[in-house]
Every structure is written in structure tokens, then in C-alpha cells.
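In the UniProt record's numbering, the protein residues as written are 1 to 363.
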């Protein structure tokens with residue numbers, strides 16, 4: 001049996017999940033052993049430099065959507081360093097294995113025979129890398145997390161905009177639980193791109209999204225707000241496979257598609273507010289308002305939740321604009337009236353305090 005290793009990731013300081021890799025120790029034993037040992041940390045420190053020979057607490061320094069994620073610079077953390085268990089760099093073992101699919105594990109290098117600790121995982125077939133980089137493993141579990149890593153926002157030089165960090169890694173011993181539960185019967189992958197269902201058919205995507213929406217509601221009822229948000233965002237991804245429905249789509253499907261989308265946006269906005277994720281809450285509420293045709297009650301609800309999110313982001317003026325619009329849509333809503341009174345009092349208090357500060361400046 002080929003060895004398997006795990007890598008646990010944090011994204012922006014929060015635990016994101018686990019990737020399981022199977023290593024081709026039968027094809028490239030030296031390269032596979034290097035990666036395995038860096039995952040376990042069993043070699044301790046490099047004798048010459050004193051650097052710890054482990055991936056733990058190292059970061060991903062490069063993510064290119066549609067291409068690959070690179071990590072493993074255990075010395076510098078920016079792609080300029082790295083260190084193998086053999087001391088410095090080691091040779092290209094062979095190029096027998098090709099970059100033919102998503103999820104392959106391959107050595108990053110700076111030219112021939114310069115392998116260290118830096119590696120990358122492919123997001124697609126990469127034939128242009130064949131003969132230049134040594135493929136030594138593949139993703140066995142964690143397709144959803146890999147997709148999430150791929151969609152991480154980046155800044156200059158493809159560096160992740162948030163901290164993407166390995167918090168733990170090690171060997172999965174034969175027969176032990178690998179920590180990644182299999183999909184339950186009837187469940188679906190986190191991302192529709194990884195699922196086998198015919199999601200390009202609107203009625204299929206809708207059925208899946210509604211099922212996932214119900215699971216989110218169960219989580220929310222059980223006070224698992226984080227789980228609820230994850231499920232509702234997942235359901236939205238399945239609806240997003242068909243952003244525009246074909247003309248021949250049945251009217252009942254079109255109506256259910258819009259209704260389900262609005263419900264998901266509103267639910268996700270509420271969950272995000274409870275989790276103090278104001279930017280997510282504002283974004284979801286905005287999307288809910290823009291889905292045509294939306295009921296007046298849902299428009300008011302979306303405006304109200306967006307106002308709460310804006311206020312949490314210290315945009316009280318924008319929040320009041322939304323609330324005043326919402327009260328025109330639903331004049332009898334007591335929550336909206338109450339929030340308007342609260343915010344107006346807050347704004348007036350701020351203006352009074354500001355006036356007092358300015359008056360003292362001219363005394």
C-alpha cells in the first residue's frame with residue numbers, strides 16, 4: 001500500500017480542513033520520502049542551518065486559480081527558500097509521471113536538480129511542466145478544500161490576500177481514521193465542479209440546492225451557525241452553475257429557482273451577521289435584493305440585514321439609507337422602525353460629541 005499523509009490548513013486564522021495525499025513511493029521513493037518526512041517532522045532540524053525540517057506552521061505563498069497552489073518554503077516563506085531532508089537541494093529523480101490531471105503533487109524547483117521542500121498541487125492538467133518537475137503523489141481526499149484554496153483571493157505576485165497556513169501534518173497509518181469523513185449517501189461534494197451530478201440541468205441543480213438548504217436549516221436549528229452558513233453557501237454554488245436559465249426551462253422551475261436563491265441569500269446573510277462576518281452578510285443581502293422578481297417582504301428583509309451589516313462596518317449613514325428605503329416597502333415592520341430610532345440616536349450622539357470637540361478647539 002502506498003503511503004498517505006495529511007495536511008491541515010487554516011485560512012485567515014480559521015481551520016479550513018484536511019488534504020490527504022497518496023505518495024508514489026514505488027515510482028519516486030526519494031522524492032516521496034522527502035515529502036513524507038517533512039510532513040511528519042521526523043528528521044528534526046537540519047544540521048547545517050538549524051532549520052526545522054517540517055511543514056508545520058509554514059504558509060502557501062502562491063495560488064494561481066486554474067493552475068496550481070504552491071507551498072513548502074520552510075525557511076523564508078516567500079518562495080525564495082526551502083530545504084530538503086537530504087541537506088540543501090537534491091536531484092530530479094525521474095520524469096516518468098506526467099502532469100495529467102487536477103490534484104497532482106509535484107516538486108517546485110529553480111531549474112534542474114534543485115528540489116528542496118517547495119511543492120505544488122495542480123488545479124488542471126499541466127503538460128508544459130512535464131520533463132521539468134517531478135510528479136510524486138496525488139490528492140486522495142479533500143477535493144472541496146482544494147477548490148476552496150484555489151478560490152482564495154490573491155494580491156501581488158499571486159500571494160494569498162489572507163494567511164493560508166499549514167497547522168498540522170503527518171502520516172496516515174494503515175488502518176487508522178484519516179480524519180476526512182466520506183460523503184454520506186445522497187450527499188454532494190462541496191463544489192459542483194467536483195460532483196458527478198448533471199448540475200448543468202437546472203432542475204437537477206435546484207433539487208440538490210434545496211436539499212442542501214434544508215441541511216443548513218437543521219444546523220441553524222441546532223445552534224450550529226457556522227455549519228449552517230457553510231451549507232447555505234454550498235447550496236448557492238450549485239444554483240450558480242446555471243446563472244441564467246435556458247428559455248425552455250419550465251416556469252415552475254424558474255419560479256422555484258428564484259425563490260430558493262432569495263431564501264439562501266437571506267439565510268446566509270442572517271448567519272453571517274450572527275458570526276460577526278459583516279462583509280459576507282452585506283454581500284448576501286445585496287444579492288437577495290437584486291434577484292427578480294422579489295417579494296416586498298423579502299426586499300425589506302434584505303435591506304434590514306444589509307443595514308445591520310453596514311452599521312457593523314461603521315457605515316451608519318448607509319445603514320440608515322437602507323432602513324428608510326425598507327420602511328417604505330414594509331411600513332408596519334416594527335424591527336425596522338426600532339433600528340431606525342437606534343441608529344438616528346447613535347448618529348445624533350456622534351454629531352453632538354463632534355460639535356463639542358470642535359468648540360473646545362476655538363476656546
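Yeah, the Cβ is synthetic: ideal placement off N, Cα and C, and Gly gets one too.
Bridge partners - residue i, DSSP secondary structure assignment
{"i": "residue 348", "result": "According to DSSP, residue 348 bridges with nothing at all."}
{"i": "residue 170", "result": "6"}
{"i": "residue 68", "result": "64 and 122"}
{"i": "residue 19", "result": "7"}
{"i": "residue 59", "result": "165"}
{"i": "residue 52", "result": "45"}
{"i": "residue 14", "result": "11"}
Which listed residue (the options) has its alpha carbon closest to that of residue i
{"i": "residue 176", "options": "347, 6, 349 and 225", "result": "6"}
{"i": "residue 10", "options": "163, 223 and 52", "result": "163"}
{"i": "residue 109", "options": "72, 259, 209 and 216", "result": "72"}
{"i": "residue 26", "options": "13, 48, 43 and 2", "result": "2"}
{"i": "residue 149", "options": "134, 120, 129 and 185", "result": "120"}
{"i": "residue 96", "options": "31, 79 and 21", "result": "31"}
{"i": "residue 46", "options": "64, 68, 60 and 82", "result": "82"}
{"i": "residue 220", "options": "304, 264, 347 and 296", "result": "264"}
{"i": "residue 126", "options": "315, 68, 243 and 332", "result": "68"}
{"i": "residue 155", "options": "15, 61, 310 and 29", "result": "61"}
{"i": "residue 307", "options": "284, 296, 13 and 12", "result": "284"}
{"i": "residue 8", "options": "29, 43, 50 and 55", "result": "55"}
{"i": "residue 184", "options": "174, 215 and 207", "result": "215"}
{"i": "residue 342", "options": "320, 90 and 138", "result": "320"}
{"i": "residue 48", "options": "15, 63, 13 and 84", "result": "84"}
{"i": "residue 334", "options": "349, 207, 311 and 297", "result": "297"}
{"i": "residue 201", "options": "293, 340 and 247", "result": "247"}
{"i": "residue 138", "options": "28, 42, 12 and 294", "result": "28"}
{"i": "residue 12", "options": "59, 186 and 50", "result": "59"}
{"i": "residue 207", "options": "222, 252, 218 and 182", "result": "252"}
{"i": "residue 389", "options": "295, 286, 349 and 293", "result": "The question about residue 389 has no answer, for the chain in this structure spans 1 to 363."}
{"i": "residue 293", "options": "64, 259 and 63", "result": "259"}
Supposed close pair residue i, residue j - CB separation, criterion 8 Å
{"i": "residue 142", "j": "residue 19", "result": "4 Å"}
{"i": "residue 102", "j": "residue 123", "result": "6 Å"}
{"i": "residue 57", "j": "residue 166", "result": "7 Å"}
{"i": "residue 147", "j": "residue 198", "result": "Contact flag wrong, Cβ pair sits at about 19 Å."}
{"i": "residue 269", "j": "residue 300", "result": "Contact doesn't hold; Cβ gap of about 13 Å is too wide."}
{"i": "residue 240", "j": "residue 4", "result": "The Cβ separation is near 33 Å, so there is no contact."}
{"i": "residue 113", "j": "residue 92", "result": "6 Å"}
{"i": "residue 242", "j": "residue 209", "result": "Contact doesn't hold; Cβ gap of about 10 Å is too wide."}
{"i": "residue 133", "j": "residue 107", "result": "6 Å"}
{"i": "residue 309", "j": "residue 278", "result": "5 Å"}
{"i": "residue 254", "j": "residue 235", "result": "Rounded, the Cβ-Cβ distance is 17 Å, inconsistent with contact."}
{"i": "residue 104", "j": "residue 70", "result": "That belief does not hold up - the Cβ atoms of residue 104 and residue 70 are roughly 13 Å apart, past 8 Å."}
{"i": "residue 332", "j": "residue 304", "result": "13 Å between Cβ atoms; not a contact."}
Residue j beta carbon less than 9 Å from that of residue i
{"i": "residue 191", "j": "residue 227", "result": "no"}
{"i": "residue 267", "j": "residue 232", "result": "yes"}
{"i": "residue 152", "j": "residue 161", "result": "yes"}
{"i": "residue 423", "j": "residue 53", "result": "Residue 423 cannot be examined here, being either before or after the span of the chain that is shown, 1 to 363."}
{"i": "residue 17", "j": "residue 172", "result": "no"}
{"i": "residue 250", "j": "residue 203", "result": "yes"}
{"i": "residue 88", "j": "residue 116", "result": "yes"}
{"i": "residue 282", "j": "residue 313", "result": "yes"}
{"i": "residue 159", "j": "residue 78", "result": "yes"}
{"i": "residue 169", "j": "residue 75", "result": "no"}
{"i": "residue 257", "j": "residue 188", "result": "no"}
{"i": "residue 86", "j": "residue 34", "result": "yes"}
{"i": "residue 336", "j": "residue 344", "result": "no"}
{"i": "residue 274", "j": "residue 225", "result": "yes"}
{"i": "residue 322", "j": "residue 346", "result": "no"}
{"i": "residue 291", "j": "residue 229", "result": "no"}
Practice item. Run through the segment 78-157 for me and flag every whole alpha helix (DSSP H) of 4 or more residues, listed as ranges in chain order. Key: Complete alpha helix (DSSP H) runs here, min 4: 143-150.
Review point. Of all the beta strand (DSSP E) runs that stay within the bounds of the segment 269-313, which reach a length of 3 or more residues?
Key: Whole beta strand (DSSP E) segments, 3+ residues: zero.
Exercise for review: Let me know the alpha helix (DSSP H) ranges lying completely inside the segment 235-274, each 4 residues or longer, listed in chain order.
Suggested key: Those alpha helix (DSSP H) runs which fall completely within the segment 235-274 and span 4+ residues are 251-274.
**Study point:** Every unbroken beta strand (DSSP E) within the segment 158-234, with a cutoff of 3 residues, ordered by chain
**Key:** With a minimum length of 3 residues, the continuous beta strand (DSSP E) runs that stay inside the segment 158-234 are 164-172.
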